[in-house]
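The block underneath contains the structure these notes are about, expressed in structure tokens.
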Amino acid sequence: MSQIEVVAIVKVKAGKEAEAAEAMKACVAPSRAESTNHAYTPHRDLDAPDTMIFIERWDSREALQAHMETPHFKKMAAILEPLLAAPLAVHILQPL
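This is the structure in structure tokens:
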């Protein structure tokens with residue numbers, strides 16, 4: 001299977017943007033160190049400050065699933081959980 005790209009949209013509660021951003025940034029280095037990862041960048045939507053978006057590239061769906069089982073991902077998810085204003089919207093993409 002060819003690489004996949006992931007767009008994960010994180011909507012946080014008002015006033016929780018900085019806390020969410022810190023948790024997301026802390027997950028970057030260990031995620032980039034995973035051998036199956038090729039890109040892992042959190043972004044802030046300039047027109048909607050409560051919206052942050054991860055853009056990621058992985059070897060496969062299995063690599064993404066393995067990432068979601070890592071301690072650094074689980075730590076970030078636990079921090080983000082009470083900060084969320086809406087469920088995560090995760091899009092798993094493959095180029096046409």
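Numbering-wise (full-length UniProt numbering), the sequence shown opens with residue 1 and increments by one.
Ideal Cβ positions, reconstructed from N, Cα and C, are used throughout, including at glycine.
Cβ neighbours of residue i in the same chain (closer than 6 angstroms, five flanking residues each side left out)
{"i": "residue 53", "result": "9 and 43"}
{"i": "residue 89", "result": "9"}
DSSP state of residue i mapped onto helix, strand, coil
{"i": "residue 11", "result": "strand"}
Residue closest to residue i, alpha-carbon to alpha-carbon, out of the options
{"i": "residue 63", "options": "38, 82, 74 and 77", "result": "38"}
{"i": "residue 48", "options": "96, 75 and 12", "result": "12"}
{"i": "residue 70", "options": "96, 2 and 32", "result": "32"}
{"i": "residue 99", "options": "15, 46, 45 and 56", "result": "Any answer about residue 99 is impossible in this case: the structure gives the chain only from 1 up to 96."}
Own chain, CB closer than 7 angstroms to residue i, minus 5 neighbours either side, in chain order
{"i": "residue 19", "result": "83"}
{"i": "residue 17", "result": "49 and 50"}
{"i": "residue 25", "result": "42"}
Close Cβ partners of residue i (< 8 angstroms) along its chain, the five nearest in sequence each way excluded
{"i": "residue 93", "result": "4, 5, 6 and 7"}
Presumed contact (8 angstroms Cβ cut-off) between residue i and residue j, rounded CB distance
{"i": "residue 21", "j": "residue 80", "result": "Contact flag wrong, Cβ pair sits at about 10 angstroms."}
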